[in-house]
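Chemist:
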Amino acid sequence: CSESDLGPISLNWFEELTSEAPP
Amino acid sequence: KVAEEHPDEIWCDSLKLGNLQLVSKLKNPSDSCSVDVSTVWWEGTGSKESRIITACEFTVSLWKSLDNWQWRKVYTWHFTEIPVLQIIPLWDTCNLVCVALGHLEIREIRLLFCSDDDECLKQSLVKSGNIKAVLGLRHKRLVCSNGTLHDHQVDLMTFSGSGRSKEKRTLMSPEETILAFAEVQGMQDALLGTTLMSNIVIWNLKTGQLLKKMQIGNSYQASICHKAYSDMGLLFVVLSHPHGKEIESMGSPIFRLIAINPKTALSVDVRPYSLPQGHTGRFLDGEVKDNLAAAVLTSGTIAVWDLFLGHCTALLLPNSDGNWSFVKWSGTDSCLLAGQKNGSVFVYSY
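For the protein sequence lines, the chains are B and F, in the order given.
Quick note: the first sequence, position 9, residue 32 per the numbering used here, numbers continuous.
Quick note: the second sequence, position 102, residue 173 per the numbering used here, numbers continuous.
1. Using a Cβ cut-off of 9 Å (strictly closer), state whether F/G304 contacts chain B.
2. One question on the structure: do F/L328 and F/L310 come within less than 9 Å of each other, judged by their Cβ atoms?
3. Span of the alpha helix (DSSP H) holding B/T41?
4. In terms of residue numbering, what span does the beta strand (DSSP E) encompassing F/Q286 cover?
5. Output the residue ranges of the alpha helix (DSSP H) runs that lie fully inside the stretch 205-271 of chain F and measure 4 residues or longer, sorted by chain position.
6. Closer than 9 Å, CB to CB, is F/Q280 near chain B or not?
7. Looking at the unbroken beta strand (DSSP E) that takes in F/A330, where does it start and where does it end?
8. Leaving out the 5 sequence neighbours to the left and right, which residues in its chain are closer than 6 Å to F/Q157 when beta-carbon positions are compared?
9. When Cβ atoms are compared, which residues of the stretch 254-270 of chain F fall closer than 7 Å to chain B?
10. Any contact of the stretch 241-255 of chain F with the stretch 205-221 of chain F, i.e. 3+ C-beta pairs under 8 Å?
11. Flag this pair as yes or no: are the beta carbons of F/W376 and F/F326 separated by less than 9 Å?
12. Is F/N90 closer than 9 Å to F/Y421 when the C-beta atoms are compared?
13. On the premise that F/V398 lies in contact with F/C406, defined as a C-beta separation below 8 Å, what is that separation, rounded to the nearest angstrom?
14. Contact criterion: CB-CB distance below 9 Å. Does F/S311 meet it with respect to chain B?
15. Go to F/I159, then tell me how far its beta strand (DSSP E) extends in each direction, as first and last residue.
16. Quick one: Cα of F/V197 to Cα of F/L263, how far?
17. Below 9 Å between beta carbons is the criterion; list the residues of the stretch 328-347 of chain F that meet it against any residue of chain B, in chain order.
18. Under 9 Å, do F/F129 and F/V155 count as touching if we go by C-beta distance?
19. Taking 9 Å as the CB-CB cut-off, is F/N275 touching chain B?
20. Name the chain F residues that come within less than 9 Å of B/S33, Cβ to Cβ?
21. For chain B, find out if any of its Cβ atoms is closer than 9 Å to the Cβ of F/E319; answer yes or no.
22. Restricting to runs no shorter than 3 residues, where is the beta strand (DSSP E) found entirely within the stretch 112-191 of chain F?
23. According to DSSP, is F/N390 part of a helix, a strand, or is it coil?
24. Do F/V367 and F/G357 have their C-beta atoms within less than 9 Å of each other?
25. Chain B partners of F/K283, CB-CB under 7 Å?
26. How should F/H350 be labelled, buried or exposed, when 16 other C-beta atoms within 10 angstroms of its C-beta is the threshold for buried?
27. Between the C-alpha atoms of F/L380 and F/N362, what's the straight-line distance to the nearest angstrom?
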């Protein structure tokens, strides 16, 4: 799996999505 | 030389039983149809031990381990109106287990426990309605989705130690039918679900937020998620496709591992888990534990895959008693519990 297939990868995706999602 | 000429044949022969070794058999003398099996931690006279729990149409029985892998039935809960569909284990609890009751769809979820005072068997109604999907989680929690499109709701319940009380909170609904839930190994506050419209959804269990809804394509229609692993910023998800079409180039994949980037919602196929040549069947029932996946197929055979190795490592063909109808991994050790409708449950060590 590479960034070319999946786009930029973030190790902190869970925290980032939590802060972006509606409460 | 024989192996060179007939490689598939030799591989299949060595696969039968493979890494499985029969260690025990339970025979439920009940006349009614067996539907499920699981394991539960149970504390009796001061010691905590792993017990087997079996479900027939109108009874759920707890089996205590004796010496030499023998089992004795110690408790039976009885149900009179609605038949039992499945056992819902609450993995890190003791003396607590849930069951789903219904006809084709789940109508009730009940908590089964044993009273501390008089050791009487108890059961209490946890949820009733039009329940579409349910999963027991760590820390005495249970998640279920219920209702139709207009009044769809996802509930997270937490039970007290004795099971007498529960705390309920609502998770944000993806506003479509959820087919299955899966825990995310390596990320205890994350919960994953698959939906009827081929989406994978992720929740934050602590806040109840719906974090992402990701389309995974038409070839994954009505997929069931079994397990997810979070690693290096990606989610690796094991799916099965009970209604999937056979894809010729891949044979007949029973499970599939995909990788998803939750930030971009892009996904790629990692690996199909297919049957060895000469074996056919579709997914009927199955479970994934750590790196092992087991499935009962429509052919009546059970197949086991090592998800890391990428191939089938054991096959249990129907025996003289008949076809296999359900399979579970023991939650407390590395045993496979294989059941038949006639009430027989075979315990295999892996």
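The beta carbon of each residue, even a glycine, is placed where N, CA and C say it ideally should be.
Keep in mind the model is a prediction, meaning the values are calculated, not measured.
Modeler: Result, derived from the coordinates:
1. For this step, residue 304 of chain F is matched to residue 233 along the second sequence. Cβ-Cβ to chain B under 9 Å: yes for F/G304.
2. The residue labelled residue 328 of chain F in the question sits at position 257 within the second sequence. The residue labelled residue 310 of chain F in the question sits at position 239 within the second sequence. Yes. Within cutoff.
3. Sequence index remark: in the first sequence, residue 41 of chain B carries index 18 (1-based). Unbroken alpha helix (DSSP H) run through B/T41: W36 to E43.
4. Numbered from its first residue, the second sequence carries residue 286 of chain F at position 215. For F/Q286, the uninterrupted beta strand (DSSP E) run begins and ends at L281 to Q286, by DSSP.
5. Whole alpha helix (DSSP H) segments, 4+ residues: zero.
6. Counting from 1 along the second sequence, the entry for residue 280 of chain F is found at position 209. It does; some Cβ of chain B falls within 9 Å.
7. Indexing the second sequence from 1 puts residue 330 of chain F at position 259. F/A330 -> beta strand (DSSP E) spans P324 to N332.
8. By one-based count along the second sequence, residue 157 of chain F stands at place 86. Contacts found: D107 and A171.
9. Hits within the stretch, in order: M258 and A261.
10. Touching, per the Cβ criterion.
11. Along the second sequence, read from residue 1 onward, the residue named residue 376 of chain F stands at position 305. Along the second sequence, read from residue 1 onward, the residue named residue 326 of chain F stands at position 255. It is a contact, given that the beta carbons lie within the stated cut-off.
12. Locating residue 421 of chain F in the second sequence gives position 350, counting from the first residue. Locating residue 90 of chain F in the second sequence gives position 19, counting from the first residue. Their beta carbons are under 9 Å apart, which means F/Y421 touches F/N90 by this criterion.
13. The residue given as residue 406 of chain F occupies position 335 in the second sequence. The residue given as residue 398 of chain F occupies position 327 in the second sequence. Actually they do not touch by this definition, with Cβ atoms about 11 Å apart.
14. Numbered from its first residue, the second sequence carries residue 311 of chain F at position 240. The beta carbon of F/S311 sits no closer than 9 Å to any beta carbon of chain B.
15. If you number the second sequence from 1, residue 159 of chain F lands on position 88. Per DSSP, the unbroken beta strand (DSSP E) holding F/I159 starts and ends at V155 to I159.
16. Counted from its first residue, the second sequence places residue 197 of chain F at position 126. Counted from its first residue, the second sequence places residue 263 of chain F at position 192. Rounded to whole angstroms, F/V197 to F/L263 spans 22 Å at the Cα level.
17. Considering only beta carbons, the part of the stretch 328-347 of chain F lying closer than 9 Å to chain B consists of A330, I331, N332, P333, K334, T335, A336, L337, S338, V339 and V341, in chain order.
18. Taking the second sequence and counting its residues from 1, the one referred to as residue 129 of chain F is at position 58. Taking the second sequence and counting its residues from 1, the one referred to as residue 155 of chain F is at position 84. Contact flag set, yes.
19. The residue you call residue 275 of chain F lines up with position 204 of the second sequence. By this cut-off, F/N275 is an interface position.
20. Residue numbering aside, residue 33 of chain B sits at position 10 when the first sequence is read from its first letter. For B/S33, the residues of chain F that pass the 9 Å Cβ criterion are G304, N332, P333 and K334, in the order they occur in the chain.
21. Counting from one through the second sequence, the residue named residue 319 of chain F turns up at place 248. Because the pLDDT at F/E319 is just 47, under 50, the model does not fix this residue reliably, and the value given afterwards should be weighed accordingly. Contacts with chain B at 9 Å (Cβ-Cβ) do not include F/E319.
22. Within the stretch 112-191 of chain F, the complete beta strand (DSSP E) segments of 3 residues or longer fall at 119-127, 130-136, 142-149, 155-159, 167-173 and 177-185, listed in chain order.
23. Within the second sequence, numbered from 1, the residue matching residue 390 of chain F stands at position 319. Looking at F/N390 - three-state DSSP - the assignment turns out to be strand.
24. Position 296 of the second sequence, counted from the start, is the residue given in the question as residue 367 of chain F. Position 286 of the second sequence, counted from the start, is the residue given in the question as residue 357 of chain F. It is a contact, given that the beta carbons lie within the stated cut-off.
25. Counting from 1 along the second sequence, the entry for residue 283 of chain F is found at position 212. Here the neighbours are L40.
26. On the second sequence, residue 350 of chain F is found 279 positions in, with the first residue counted as 1. In the assembly as shown, F/H350 is a buried residue. Its beta-carbon has 16 or more other beta-carbons within 10 Å.
27. For the purposes of this step, residue 380 of chain F is identified with residue 309 of the second sequence, where counting begins at 1. For the purposes of this step, residue 362 of chain F is identified with residue 291 of the second sequence, where counting begins at 1. Computed Cα separation, rounded: 9 Å.
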